[in-house]
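In the numbering used here, the protein residues as written are 1 to 196. Note that the Cβ used here is the ideal one computed from N, Cα and C, for glycine as well. The structure presented is a predicted model; accordingly, all values stated were derived computationally and were not measured. These notes are about the structure you will find just below.
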């Protein structure tokens, strides 16, 4: 199970990791939180901004670990994809992996959303969970149960639709509370984003 946890739910990390403690095998990919926001405001080149933003994910990952350690998580800083096949509960720090496999555009179109989907594609995972305060894709005040990837830009980054389509990945966007419902009951309110 791959779960991307954004900075918008930083105040719900305790709930998220108490929920994920019930899952035997899970890899959490951190967002960039306040650290990538700072980088974006610096108006540096896209090349420099890209690597600083990826490093921001590592920083948020260490912050998360203060909650996740109690739930049996370890820090995983892989340098190649085989390390991501280890069984257990991990917070994945992606900087070294992306430096070794530099396949994604160096642009603000690529955020931790794209990186999570890209990692899933490399290890044969077909579903990614995105946990965010928004909780799904809204239309006229209601969550869409299903949405096309292009319709979801704004909730996901601009490069994610390319990866979702190319690799046949399904993205489920939900709130921390609905993640708990999904794990306990197998169903939850949120939006399934698909490439077709």
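My output table needs one value for residue i: the three-state DSSP class, helix, strand or coil.
i: residue 188; result: coil
i: residue 159; result: coil
i: residue 9; result: helix
i: residue 198; result: Outside the shown range of the chain (1 to 196) lies residue 198, about which nothing can therefore be said.
i: residue 89; result: strand
i: residue 28; result: strand
i: residue 134; result: coil
i: residue 38; result: helix
i: residue 164; result: helix
i: residue 43; result: coil
i: residue 123; result: coil
i: residue 102; result: coil
i: residue 54; result: helix
i: residue 113; result: helix
i: residue 108; result: coil
i: residue 83; result: helix
With which residues is residue i paired in a DSSP beta bridge?
i: residue 147; result: 193
i: residue 171; result: 128, 193
i: residue 95; result: Per DSSP, none; premise fails for residue 95.
i: residue 139; result: 142
i: residue 75; result: 91
i: residue 4; result: 29, 130
i: residue 153; result: 156
What residues in its chain sit with their C-beta under 8 Å from that of residue i, if we drop five residues either side in the sequence?
i: residue 47; result: 106
i: residue 44; result: 52
i: residue 135; result: 143, 173, 174, 175, 178, 189, 190
Under 6 Å Cβ to Cβ from residue i, same chain only, skipping five residues before and after it: list those, please.
i: residue 161; result: 149, 150
i: residue 253; result: With the chain covering only 1 through 196, there is no way to say anything about residue 253.
i: residue 27; result: 2, 90, 92
i: residue 120; result: 2, 128, 169
i: residue 223; result: It is not possible to answer for residue 223, since the shown part of the chain is limited to 1 through 196.
Using 10 angstroms around the beta-carbon of residue i, count the other beta-carbons present and answer buried if the total reaches 16, otherwise exposed.
i: residue 4; result: buried
i: residue 62; result: exposed
i: residue 68; result: buried
i: residue 115; result: buried
i: residue 6; result: buried
i: residue 142; result: exposed
i: residue 130; result: buried
i: residue 31; result: buried
i: residue 133; result: exposed
i: residue 157; result: buried
i: residue 128; result: buried
Keeping to the same chain, check which residues put their C-beta closer than 7 Å to that of residue i; ignore five residues upstream and five downstream.
i: residue 59; result: 35
i: residue 97; result: 78, 79
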